Amino acid sequence: MSNPSILILPGDGIGPEVMAEVRKIIDWYGAKRDLVFDVSEDLVGGCAYDKHGTPLHDDTMAKAQEVDAVLLGAVGGPKYDALDFSVKPERGLLRLRKEMDLYSNLRPAQCFDALADFSSLKKDVVAGLDIMIVRELTSGIYFGEPRGIFKEGNERVGINTQRYTESEIERVARSAFELARRRNNKVCSMEKANVMESGILWREVVQKVHDTEYPDVELSHMYADAGAMQLCRWPKQFDVIVTDNLFGDLLSDAAAMLTGSLGMLPSASLGAPMANGRPKALYEPVHGSAPDIAGQGKANPIACILSFAMALRYSFDNGAEADRLEKAIETVLANGARTADLLGEDGVTPLSTSEMGDAILAALDASL
Ligand code: NAD
135 MSNPSILILP GDGIGPEVMA EVRKIIDWYG AKRDLVFDVS EDLVGGCAYD
185 KHGTPLHDDT MAKAQEVDAV LLGAVGGPKY DALDFSVKPE RGLLRLRKEM
235 DLYSNLRPAQ CFDALADFSS LKKDVVAGLD IMIVRELTSG IYFGEPRGIF
285 KEGNERVGIN TQRYTESEIE RVARSAFELA RRRNNKVCSM EKANVMESGI
335 LWREVVQKVH DTEYPDVELS HMYADAGAMQ LCRWPKQFDV IVTDNLFGDL
385 LSDAAAMLTG SLGMLPSASL GAPMANGRPK ALYEPVHGSA PDIAGQGKAN
435 PIACILSFAM ALRYSFDNGA EADRLEKAIE TVLANGARTA DLLGEDGVTP
485 LSTSEMGDAI LAALDASL
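Mapped onto my numbering, the consecutive letters of the sequence shown carry residue numbers 135 to 502.
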């Protein structure tokens, strides 16, 4: 049988820096765990625009459709701010998500004990936190038609349309229920059914999928604004949250901050199963290309490494090795290793990006 395949798209800014550390981890798995991946690498975002005049070349798109998992660093940067909307670096990422039909975006918010003091919330509110936000990713207001800026009489009007079909809601609901069964068996669905018809349909469909296919999972519904409040008040009440594209964008960013730094947050975007049973999948850190620290060796590689741990779990069905990698990161943090973004005022010398990667490799070695 051939090795599982991974396409690496480091992207722009700190993307290549953090991805270099993931490459070391992938190599470690090949050398020490006999888990060999066929890895190829290509361009996305601003660097792809520089070379091809487009943020995602058709050949790269075709490769992404063939591999078992895509790992992406980050795209964008001030150099590309003035580009036309159609060729902005982010369009490369949006094209990947759309054409791979990655409708289910998994964003864990997990608080490592060693970093509990780092949250803006009180330690007892976040210590041990482990929740998963499932955001619908390919539909809703970011894609609905009509959209645009139109002339209406003497003034312009900006229009976006929130639109969901039943099948779009069903498939992301299933993904959330499946995930809940592997976790603590609880799903909270969030919308604004009080003021939006799309929210009424969302609630009805999630309830129907629950009643007919997942009656064993505990389901609750919450208005998204109340959900935002509850996430800040007592986030540990949640296990899996499922919500639409727009609310998921906001709620997952808010939940992310409960855990401290942007440099710690992984994500997975999953689509329908391929012929080999694996879901179409793209793994990426939540953070952007961080132009303010790019090229300085300051970036925290943990978000990107945790994204690879998610790939081990969700694409390569290897929860044991994903656990090993997450545990290695936990150990390194518990021993006091910190990149600059994780430092308080206590005068500890920060590790560089590659020193953090090396510390994680050493913890992996020690786990054998
Ligand atoms: P950002 O996430 O790049 O940076 C926000 C802040 O967090 C910065 O101060 C940065 O230094 C810090 N930070 C981010 N990741 C870090 C890491 N791994 N280690 C240490 N510190 C880290 O967001 P931004 O500044 O709003 O955007 C910068 C560029 O990235 C823009 O061009 C934006 O469009 C793009 N962007 C891309 C993605 C993506 O590729 N998925 C996501 C968000 C933003």
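Cβ coordinates follow ideal geometry from the N, Cα and C atoms, glycine included. Keep in mind that this is a model prediction, so the values were computed, not measured.
Within 7 Å: the Cβ of residue i and any heavy atom of ligand 1?
| i | result |
| --- | --- |
| N288 | no |
| N452 | no |
| G405 | no |
| D193 | no |
| N434 | yes |
| A389 | no |
| L169 | no |
| D426 | yes |
| A208 | yes |
| I494 | no |
| A497 | no |
| D475 | yes |
| A437 | yes |
| S238 | no |
| V204 | no |
| I148 | yes |
| V152 | yes |
| L384 | no |
| L190 | no |
| L396 | yes |
| S423 | yes |
Using the beta-carbon count (16 or more within 10 Å), is residue i buried or exposed?
| i | result |
| --- | --- |
| W368 | exposed |
| T346 | exposed |
| E375 | Before going on, a small fix: residue 375 reads as Ile here, not Glu. By the 10 Å Cβ count, I375 comes out buried. |
| D373 | buried |
| V291 | exposed |
| G429 | exposed |
| T483 | exposed |
| R447 | buried |
| D215 | exposed |
| F311 | buried |
Name the one or two DSSP bridge partners that residue i has.
| i | result |
| --- | --- |
| H355 | S323 |
| G282 | I293 |
| A473 | Correcting the residue identity first, residue 473 is Thr in this sequence and not Ala. DSSP, once it has assigned bridges, lists L485 as partnering T473. |
Indicate whether at least one CB of chain B lies closer than 8 Å to the CB of residue i.
| i | result |
| --- | --- |
| P150 | Considering every chain present, this structure includes no chain B. It has just one protein chain. |
Q: Enumerate, from N- to C-terminal direction, the unbroken alpha helix (DSSP H) stretches of 4 or more residues contained entirely within the stretch 168-210.
A: Taking only runs of at least 4 residues, the alpha helix (DSSP H) segments lying wholly in the stretch 168-210 are 180-186, 192-200.
Q: Let me know the alpha helix (DSSP H) ranges lying completely inside the stretch 224-272, each 4 residues or longer, listed in chain order.
A: Taking only runs of at least 4 residues, the alpha helix (DSSP H) segments lying wholly in the stretch 224-272 are 257-260.
Q | Runs of alpha helix (DSSP H) lying entirely within the stretch 399-464, each at least 4 residues, in chain order | A | DSSP runs (the alpha helix (DSSP H)) wholly in the stretch 399-464: 436-448.
(Q) Give the list of continuous alpha helix (DSSP H) stretches no shorter than 4 residues that lie fully inside the stretch 364-400. (A) Taking only runs of at least 4 residues, the alpha helix (DSSP H) segments lying wholly in the stretch 364-400 are 379-392.
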